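Peer 1: Residue numbers (my numbering): 488 to 639. Just so you know, even glycine gets a beta-carbon here, dropped at the ideal spot from N, CA and C. No experiment lies behind these values; they were computed from the predicted model shown.
1. Compute the Euclidean distance between the alpha carbons of residue 644 and residue 622, then round it to the nearest angstrom.
2. Report the three-state DSSP secondary structure of residue 563 (helix, strand or coil).
3. With a Cβ-Cβ cutoff of 8 Å, do residue 524 and residue 586 count as a contact?
4. Are the Cβ atoms of residue 547 and residue 612 separated by less than 8 Å?
5. Return the chain-ordered list of same chain residues with a C-beta closer than 6 Å to the C-beta of residue 550, the five sequence neighbours on each side being excluded.
6. Contact defined as beta carbons within less than 8 Å: I believe residue 511 pairs with residue 539. What is the distance between those atoms, to the nearest angstrom?
7. Since residue 609 and residue 541 should fall inside the 8 Å C-beta cutoff, what is the C-beta to C-beta distance between them, to a whole number of angstroms?
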């Protein structure tokens, strides 16, 4: 066999043995919590959970995912690309720092005070997470609202 025949055979072997049957399944957001609330910023974290049934991985990117607290947009998550493992369940961390002064204005002060009294915040993640593999691009629409407890 010539080198060219071997390369063609190798190419088709890889092409037909590595399947991409569907994009990874978005399971949901989990563990939304406040990890730090000291000083002039509040740091929120959440885990975006996925399941990848494919033989190949890919990349996920979270540019433009917006964070709302008590229906007020307070931050946008911009991150590096995350590697997607093949045939595996995985999570990507969504961590954002919110300036406390962005929570305070005349229009939302009443809602913030009632949240502090009830010791709960309504946190919403809304936007897209993009998946890319071999030039194929797909998006996941994220719109998840959870109420989290505030420990004073």
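Peer 2: Let's see:
1. Absent from the model: residue 644. The displayed extent of the chain is 488 to 639, so no value can be given.
2. Residue 563: strand per DSSP, three-state reduction.
3. It is not a contact, given that the beta carbons lie outside the stated cut-off.
4. No.
5. Contacts found: 565.
6. Contact holds; Cβ gap of about 4 Å.
7. The Cβ separation is near 35 Å, so there is no contact.
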